[in-house]
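For the sequence shown, the tail end lands on 969 under my numbering, and the numbers increase by one without skipping. The beta carbon of each residue, even a glycine, is placed where N, CA and C say it ideally should be.
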Amino acid sequence: MKKIGETREGLPDAESWNATITLTSEGAKRAVIRSGHLEKYQQRQYILLDQTVDADFYNNKEIYTSNLKSDVAEIDEAKDFLIAMGNVIVISDSGVTLFTDTLSWNNVEEQIFTDDSVIFITDQSDTLYGVGFKSDLELNNWEILKPTGVFGDE
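The structure is reproduced here in structure tokens:
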């Protein structure tokens, strides 16, 4: 027999359409995330955003730093961790752009990263290609782990 408050395995505790959620860290706004559909799993502290994700990210002073778009995203609330999947595009306020298939956002470590192929367009309009990427949340200090090519805009 199930205890009060337990849900059936695999079914969300709550669902929302055209949802907007705000993620915070120590009271400071770190992200505002919009999605066409949201499923919340309370016991697992898990949120699934599965219809066109659009997220604005902020630094620890609540200043806008970047925007992320993806097909789907998963949030692990306990670990303060987001994984964006499918047609991921990140555009920073400084003008750099990242394209990849998946991207992880670790708010605790203040880092984004992927092991997938990336296309990275710098603020100087150089296009860099590679596999694997890591950066700070503001895309100021970034590294392509296995660079495979560069195309300069001259």
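Practice prompt. Compare the C-alpha of N875 against each of L838, L918, L864 and name the closest.
Written response: In the sequence shown, residue 875 corresponds to position 60, counting from 1. The candidate whose alpha carbon is nearest that of N875 is L838.
Worksheet item: Using the C-alpha atoms, what's the distance from V946 back to T917?
Response: Here residue 917 corresponds to residue number 102 of the sequence shown, with the count starting at 1. Here residue 946 corresponds to residue number 131 of the sequence shown, with the count starting at 1. Cα-Cα distance, rounded: 12 Å.
Discussion item. Looking at the secondary structure, which residues open and close the beta strand (DSSP E) in which K855 lies?
Written reply: Within the sequence shown, the letter at position 40 stands for residue 855. It spans 843 to 856 - the beta strand (DSSP E) in which K855 sits, taken as one unbroken run.
Worksheet item: With burial defined as no fewer than 16 other Cβ atoms inside 10 Å of the residue's Cβ, what is the status of A888: buried or exposed?
Response: Taking the sequence shown and counting its residues from 1, one reaches residue 888 at position 73. Under the 10 Å beta carbon count, A888 is surrounded by 16 or more other beta carbons and is classified as buried.
Worksheet item: Looking at C-alpha atoms only, which residue of S840, S909, R849 is the closest neighbour of Q814?
Response: The structure shown has nothing for residue 814, since the chain only spans 816 to 969.
Fill in: Nonlocal neighbours in the same chain, by C-beta distance under 6 Å from L853, ignoring five residues either side
Here the question's residue 853 lines up with position 38 in the sequence shown. Sequence-distant Cβ neighbours of L853 in its own chain, meaning closer than 6 Å and more than five residues away, are S831, A834, L864.
Practice prompt. For N874, name the three-state secondary structure that DSSP assigns.
Written response: In the sequence shown, residue 874 corresponds to position 59, counting from 1. N874 falls in the coil class under three-state DSSP.
Practice prompt. Could you check which residue in K894, D886, S907 has the C-alpha nearest to that of R849?
Written response: Here the question's residue 849 lines up with position 34 in the sequence shown. The shortest CA-to-CA distance from R849 to any of K894, D886, S907 is the one to D886.
Worksheet item: Hey, P827 and Y873: beta-carbon distance below 7 Å or not?
Response: Numbered from its first residue, the sequence shown carries residue 827 at position 12. Numbered from its first residue, the sequence shown carries residue 873 at position 58. No, the pair does not count as a contact, with Cβ atoms beyond the cut-off.
Worksheet item: Residue ranges of each beta strand (DSSP E) run of no fewer than 3 residues wholly in the stretch 928 to 963, ordered along the chain?
Response: 942 to 951
Item to complete: With S881 as the anchor, note down where its beta strand (DSSP E) starts and where it stops.
Response: Your numbering for residue 881 matches position 66 in the sequence shown. Start and end: 879 to 885.
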